[in-house]
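Number of protein chains: 2
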Amino acid sequence: MENKKKLRKISELGEFGLIDYITKDFNQSKDGLIKGIGDDAAVFETKNKLSVITTDLLVEGVHFNLIYTPLKHLGYKSVVVNLSDLYSMNAVPQYILVSIALSAKFSVEAVEEIYKGIKLACERFGVVLIGGDTTSSLSGLFINITAIGFAEKDKVYYRSGAKKNDLICVSGDLGAAYMGLQILEREKEIFLKDSYIKPDFEGFDYLIERQLKPEPRRDIIHFIEENNIKVNAMIDISDGLSSELLHLCKNSNLGCRVYSEKIPINPQTEAAADKFRIDALTAALNGGEDYELLFTAPIEMKEKLEKHNDISIIGYITEDIAKVLVTPTGSEIELKAQGWNAMSKND
Amino acid sequence: MENKKKLRKISELGEFGLIDYITKDFNQSKDGLIKGIGDDAAVFETKNKLSVITTDLLVEGVHFNLIYTPLKHLGYKSVVVNLSDLYSMNAVPQYILVSIALSAKFSVEAVEEIYKGIKLACERFGVVLIGGDTTSSLSGLFINITAIGFAEKDKVYYRSGAKKNDLICVSGDLGAAYMGLQILEREKEIFLKDSYIKPDFEGFDYLIERQLKPEPRRDIIHFIEENNIKVNAMIDISDGLSSELLHLCKNSNLGCRVYSEKIPINPQTEAAADKFRIDALTAALNGGEDYELLFTAPIEMKEKLEKHNDISIIGYITEDIAKVLVTPTGSEIELKAQGWNAMSKND
Chain B
48 MENKKKLRKI
58 SELGEFGLID
68 YITKDFNQSK
78 DGLIKGIGDD
88 AAVFETKNKL
98 SVITTDLLVE
108 GVHFNLIYTP
118 LKHLGYKSVV
128 VNLSDLYSMN
138 AVPQYILVSI
148 ALSAKFSVEA
158 VEEIYKGIKL
168 ACERFGVVLI
178 GGDTTSSLSG
188 LFINITAIGF
198 AEKDKVYYRS
208 GAKKNDLICV
218 SGDLGAAYMG
228 LQILEREKEI
238 FLKDSYIKPD
248 FEGFDYLIER
258 QLKPEPRRDI
268 IHFIEENNIK
278 VNAMIDISDG
288 LSSELLHLCK
298 NSNLGCRVYS
308 EKIPINPQTE
318 AAADKFRIDA
328 LTAALNGGED
338 YELLFTAPIE
348 MKEKLEKHND
358 ISIIGYITED
368 IAKVLVTPTG
378 SEIELKAQGW
388 NAMSKND
Chain Z
48 MENKKKLRKI
58 SELGEFGLID
68 YITKDFNQSK
78 DGLIKGIGDD
88 AAVFETKNKL
98 SVITTDLLVE
108 GVHFNLIYTP
118 LKHLGYKSVV
128 VNLSDLYSMN
138 AVPQYILVSI
148 ALSAKFSVEA
158 VEEIYKGIKL
168 ACERFGVVLI
178 GGDTTSSLSG
188 LFINITAIGF
198 AEKDKVYYRS
208 GAKKNDLICV
218 SGDLGAAYMG
228 LQILEREKEI
238 FLKDSYIKPD
248 FEGFDYLIER
258 QLKPEPRRDI
268 IHFIEENNIK
278 VNAMIDISDG
288 LSSELLHLCK
298 NSNLGCRVYS
308 EKIPINPQTE
318 AAADKFRIDA
328 LTAALNGGED
338 YELLFTAPIE
348 MKEKLEKHND
358 ISIIGYITED
368 IAKVLVTPTG
378 SEIELKAQGW
388 NAMSKND
């Protein structure tokens with residue numbers, strides 16, 4: 048944002064004025080959408096589909112730090128973390144509702160930036176903003192987004208659907224968003240000490256992008272669909288691989304054997320982990336916010352899955368409910384969830 | 048809450064532990080509900096109905112003050128303000144998602160109290176909690192609720208449906224919640240000066256209840272349905288009658304003539320307004336949070352509407368887009384929205 052331009056106070060517009068101003072450029076048409084913004088509630092029809100719904104609350108100082116998070120990225124991210132949940136259920140995102148609480152420090156222009164990011168995500172993923180709530184907070188910024196998608200009956204992927212001997216697959220690579228956060232936090236500390244030092248992200252641009260602008264894996268969902276790959280269970284990786292594996296196994300009443308050397312880690316993640324004296328595998332297992340997909344598929348799907356460069360088969364589902372990580376030397380470690388936990392961050 | 052009992056820190060349970068603990072007693076079954084709490088998203092089917100969805104964010108210090116708001120009431124209210132939006136669209140509430148951000152001052156027991164209120168509202172209105180998000184905040188309590196209802200096709204009430212000469216009706220009485228808030232604020236000030244003085248709510252119990260425990264007017268919706276009353280437009284009164292009348296007229300491209308002596312005001316509201324030297328009519332027009340229904344109906348419905356003691360006909364819709372309030376002496380005042388506006392409260 049330009050500092051020279053006079054920034055407007057939100058109170059100049061008021062709640063309804065702000066809503067009108069912010070939402071005027073948002074597309075409000077979609078097949079099946081009967082009423083979007085502008086009534087007590089939005090109205091839509093689902094035809095013969097199932098509705099899939101999820102919600103996520105992002106809190107300043109807990110989920111994001113405005114020192115290093117551009118507001119547009121924040122808006123974009125707050126939408127896509129929800130879309131990731133819908134894709135992992137095999138639903139096609141349709142609508143979002145955005146609730147936002149802003150303290151007096153935010154200008155109209157700041158809110159505009161957030162909504163630019165929200166709009167970009169809407170356009171990219173074919174989603175329509177159909178409602179929300181805008182209010183003030185005594186301190187801090189809070190964004191709650193609810194996303195609704197439609198799914199074909201009998202084609203929803205649950206956490207509970209894993210079968211014995213299923214291959215365990217992950218998309219993309221893991222731990223990068225966590226390492227990106229470490230770099231941003233380090234640069235923040237340096238910046239707070241001396242604001243003339245420019246942040247040094249050289250060689251770590253991928254990690255920064257993974258943290259600030261995650262992309263939900265719609266492409267993986269499309270690949271699975273186009274190649275008739277049978278998927279038995281799926282979950283998105285928001286709290287770290289360990290935590291999600293445990294959810295998936297627990298919900299399916301089964302266990303797993305996962306091979307540490309099969310877990311996909313980007314070279315930048317390795318390099319940053321080295322620099323921070325963190326084990327890259329630990330970052331991959333327990334670092335959050337990757338928004339990759341973790342899924343299981345019958346062993347007959349192996350050949351089809353291997354066709355995709357960005358899908359890794361990391362292990363298999365076992366009847367024994369133990370959740371085991373096998374190291375390159377063959378030792379077995381019990382998987383534990385030490386994932387990113389928003390409740391324990393602020394104690 | 049008892050002070051003697053040792054209160055547990057939320058961090059002892061962690062996010063997933065807290066969710067499990069809080070939601071264990073919530074009913075998770077409903078015809079058409081395929082997956083409730085416990086996956087990346089909830090899944091339900093709508094059959095041949097329309098989906099109606101709304102969301103509301105309540106912020107500590109802006110929408111409620113914990114000095115005088117029992118947590119159970121807060122939980123209840125945060126649900127019913129959303130249900131009120133659904134009823135005003137003629138939708139039957141089905142599901143809610145609850146996002147909550149809590150600062151470290153909140154114990155597990157405090158969260159339990161909030162969810163007791165949420166559960167009571169769910170049970171009373173036949174709604175199932177199917178998801179949400181639980182996180183920490185650096186300061187304050189934030190509750191965002193998204194509610195989904197189903198409506199019959201072609202039976203949704205929009206703000207935009209008012210017709211020329213329609214009767215303008217309101218349920219219940221207006222201004223009571225606002226006066227209740229004034230009393231609570233006064234007692235808070237007294238309490239802050241001397242915590243030995245007990246609050247004096249005598250004679251104002253109705254106002255306090257209207258503020259702390261509003262009830263959505265499902266009964267009015269049922270009455271309309273059972274008596275085959277045609278309704279052309281409806282909106283719930285959350286920001287004061289003036290503001291809602293303006294929304295309704297603006298969306299319908301029409302105006303209104305409303306008679307001040309027809310606006311229903313409870314004797315307690317009158318008495319409290321006297322005491323506070325506020326004009327009771329101003330409280331009714333601009334005070335918020337009544338959660339009554341404002342609707343318009345063709346003139347032929349007059350007799351049917353008059354059968355209900357708790358419905359007042361306050362005026363009619365005009366082709367002329369002026370929004371006019373007629374006083375007992377016959378003078379005409381232009382209606383203006385000076386309603387409760389969450390954005391301007393915190394400047």
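Respectively, the protein sequence lines represent chains B and Z. In terms of this note's numbering, the numbers along the first sequence are unbroken and rise by one, the last being 394. In terms of this note's numbering, the numbers along the second sequence are unbroken and rise by one, the last being 394. Every residue, glycine too, gets a C-beta built ideally from N, C-alpha and C. In this text, all values refer to a predicted model and were calculated from it rather than measured experimentally.
>> I want to know whether the stretch 111 to 121 of chain B touches the stretch 150 to 167 of chain Z - three or more CB-CB distances under 8 Å.
In response: no
>> When you compare the CB of residue 191/Z with every CB in chain B, is at least one pair closer than 7 Å?
In response: What you label residue 191/Z is simply residue 144 of the second sequence in a count that begins at 1. Closer than 7 Å: yes.
>> For residue 140/Z and residue 344/B, I'd like the C-alpha separation in whole angstroms.
In response: In the second sequence, the residue the question calls residue 140/Z occupies position 93. In the first sequence, the residue the question calls residue 344/B occupies position 297. Distance between the alpha carbons of residue 140/Z and residue 344/B: 37 Å.
> chain A beta carbons: is any one of them nearer than 7 Å to that of residue 287/B?
Replying inline: Judged by its chain identifiers, the structure shown contains no chain A, and its protein chains are B and Z.
> Mind checking whether residue 196/B and residue 145/B have CB atoms under 7 Å apart?
Replying inline: Within the first sequence, residue 196/B is the residue found at index 149, counting from 1. Within the first sequence, residue 145/B is the residue found at index 98, counting from 1. No, the Cβ-Cβ distance between residue 196/B and residue 145/B is not below 7 Å.
>> Would you call the stretch 170 to 186 of chain B in contact with the stretch 168 to 178 of chain Z, where contact means no fewer than 3 C-beta pairs closer than 8 Å?
In response: no
>> Quick test of the definition: if touching needs 3 or more C-beta pairs under 8 Å, does the stretch 229 to 246 of chain Z touch the stretch 263 to 279 of chain Z?
In response: no
> Can you give the beta carbon distance from residue 100/B to residue 138/Z, rounded, assuming they're within the 8 Å contact cut?
Replying inline: Translated into the one-based positions of the first sequence, residue 100/B becomes position 53. Translated into the one-based positions of the second sequence, residue 138/Z becomes position 91. About 15 Å; that fails the 8 Å criterion.
> Residue ranges of each alpha helix (DSSP H) run of no fewer than 4 residues wholly in the stretch 251 to 287 of chain Z, ordered along the chain?
Replying inline: 252 to 259, 265 to 273
> If residue 222/Z and residue 334/Z are in contact, beta carbons under 8 Å, what's the gap, nearest whole angstrom?
Replying inline: As a first step, residue 222/Z is located in the second sequence; it is residue number 175 there, counting from the start. As a first step, residue 334/Z is located in the second sequence; it is residue number 287 there, counting from the start. Contact holds; Cβ gap of about 5 Å.
> Can you find a CB in chain B that lies within less than 7 Å of the CB of residue 362/Z?
Replying inline: Indexing the second sequence from 1 puts residue 362/Z at position 315. False, the Cβ-Cβ gap to chain B never drops below 7 Å.
> Where do the N-terminal and C-terminal ends of the alpha helix (DSSP H) with residue 314/B fall, by residue?
Replying inline: Working through the first sequence from its first residue, we reach residue 314/B at position 267. Residue 314/B -> alpha helix (DSSP H) spans 314 to 323.
> Should residue 378/B go down as buried or exposed, given a rule of 16 or more other Cβ atoms within 10 Å for buried?
Replying inline: In the first sequence, the residue the question calls residue 378/B occupies position 331. Classification of residue 378/B: exposed, given that the 10 Å Cβ count is below 16.
>> Between the alpha carbons of residue 127/Z and residue 338/Z, how many angstroms are there, rounded?
In response: Residue mapping note: residue 127/Z aligns to position 80 of the second sequence, counting from 1. Residue mapping note: residue 338/Z aligns to position 291 of the second sequence, counting from 1. Cα to Cα, the separation comes out at about 9 Å.
> Going by DSSP, what residues sit across from residue 140/Z in a beta bridge?
Replying inline: Counted from its first residue, the second sequence places residue 140/Z at position 93. DSSP lists 196/Z as partners of residue 140/Z.
> Under a CB-based cut-off of 7 Å, is residue 144/Z close to chain B?
Replying inline: As a position in the second sequence, residue 144/Z is number 97, starting the count at 1. Yes, because at least one Cβ of chain B sits closer than 7 Å to the Cβ of residue 144/Z.
> Relative to the C-alpha of residue 254/B, which residue among 187/B, 91/B, 317/B is closest?
Replying inline: Start at 1 with the first residue of the first sequence, and residue 254/B comes out as number 207. Per the Cα distances, 317/B.
>> For residue 164/Z and residue 283/Z, I'd like the C-alpha separation in whole angstroms.
In response: Your numbering for residue 164/Z matches position 117 in the second sequence. Your numbering for residue 283/Z matches position 236 in the second sequence. Cα to Cα, residue 164/Z sits roughly 22 Å from residue 283/Z.
> Are residue 98/B and residue 192/B touching if we call contact CB-CB under 7 Å?
Replying inline: Locating residue 98/B in the first sequence gives position 51, counting from the first residue. Locating residue 192/B in the first sequence gives position 145, counting from the first residue. No, the Cβ-Cβ distance between residue 98/B and residue 192/B is not below 7 Å.
> What residue range is occupied by the uninterrupted beta strand (DSSP E) comprising residue 179/Z?
Replying inline: What you label residue 179/Z is simply residue 132 of the second sequence in a count that begins at 1. Looking at the DSSP string, the run of the beta strand (DSSP E) that includes residue 179/Z is 175 to 183.
>> Residues in the same chain with beta-carbon distance under 6 Å from residue 189/Z, minus the five sequence neighbours each way, listed in chain order, please.
In response: Within the second sequence, the letter at position 142 stands for residue 189/Z. Contacts found: 106, 148.
> Does the beta carbon of residue 136/B come closer than 7 Å to any beta carbon on chain Z?
Replying inline: As a position in the first sequence, residue 136/B is number 89, starting the count at 1. Yes - at least one Cβ of chain Z is within 7 Å of the one on residue 136/B.
> If we ignore side chains and look at the alpha-carbon of each, how far apart do residue 353/B and residue 210/B end up?
Replying inline: Within the first sequence, numbered from 1, the residue matching residue 353/B stands at position 306. Within the first sequence, numbered from 1, the residue matching residue 210/B stands at position 163. So the two alpha carbons sit approximately 20 Å from each other.
> Just how far apart, CA to CA, sit residue 119/Z and residue 182/B?
Replying inline: On the second sequence, position 72 is the one that residue 119/Z refers to. On the first sequence, position 135 is the one that residue 182/B refers to. Approximately 22 Å, taken between the alpha carbons.
> What whole-angstrom Cβ distance do residue 93/B and residue 93/Z have, given they're in contact under 8 Å?
Replying inline: Numbered from its first residue, the first sequence carries residue 93/B at position 46. Numbered from its first residue, the second sequence carries residue 93/Z at position 46. Yes, residue 93/B and residue 93/Z are in contact; Cβ-Cβ is about 5 Å, under 8 Å.
> If we cut at 7 Å on Cβ distances, does residue 162/B have a partner in chain Z?
Replying inline: Taking the first sequence and counting its residues from 1, the one referred to as residue 162/B is at position 115. No, its Cβ sits nowhere closer than 7 Å to a Cβ of chain Z.
> Does DSSP put residue 233/Z in a helix, a strand or coil?
Replying inline: Working through the second sequence from its first residue, we reach residue 233/Z at position 186. Note: residue 233/Z maps to helix in three-state DSSP.
>> Are the CB atoms of residue 293/Z and residue 364/Z within a distance shorter than 7 Å?
In response: One-based indexing of the second sequence puts residue 364/Z at position 317. One-based indexing of the second sequence puts residue 293/Z at position 246. It is not a contact, given that the beta carbons lie outside the stated cut-off.
> Cα separation between residue 341/Z and residue 194/Z?
Replying inline: Start at 1 with the first residue of the second sequence, and residue 341/Z comes out as number 294. Start at 1 with the first residue of the second sequence, and residue 194/Z comes out as number 147. Roughly 20 Å separates the two Cα atoms.
> Are any of the Cβ atoms in chain B nearer than 7 Å to that of residue 205/Z?
Replying inline: In the second sequence, the residue the question calls residue 205/Z occupies position 158. Yes, its Cβ sits closer than 7 Å to a Cβ of chain B.
>> Residues of the stretch 73 to 91 of chain Z in Cβ contact with chain B at a cutoff of 9 Å, in chain order, please.
In response: 81, 82, 85, 86, 87, 88, 89, 90, 91
> For a contact meaning CB atoms closer than 9 Å, what does residue 109/B contact in chain Z?
Replying inline: Translated into the one-based positions of the first sequence, residue 109/B becomes position 62. In chain order: 148, 182, 183, 184, 185.
> Are the C-beta of residue 214/Z and some C-beta of chain B separated by less than 7 Å?
Replying inline: By one-based count along the second sequence, residue 214/Z stands at place 167. Chain B, which has no Cβ nearer than 7 Å to the Cβ of residue 214/Z, makes this no.
>> Just to confirm my understanding: we take residue 392/Z, look at its own chain, exclude 5 residues before and 5 after, and list those with CB closer than 7 Å. What are they?
In response: For the purposes of this step, residue 392/Z is taken as residue 345 along the second sequence, with counting starting at 1. Low per-residue confidence applies at residue 392/Z: pLDDT is 40, beneath 50, and the placement is therefore not dependable, though the value from the model is reported in the following sentence. Cβ neighbours of residue 392/Z beyond the five flanking positions: 109.
> Which residues in chain B sit within 7 Å of residue 133/Z, going by Cβ to Cβ distance?
Replying inline: Locating residue 133/Z in the second sequence gives position 86, counting from the first residue. Those are 88, listed as they occur along chain B.
> In or out: residue 257/B buried (at least 16 other Cβ within 10 Å) or exposed?
Replying inline: In the first sequence, residue 257/B corresponds to position 210, counting from 1. So residue 257/B counts as buried.
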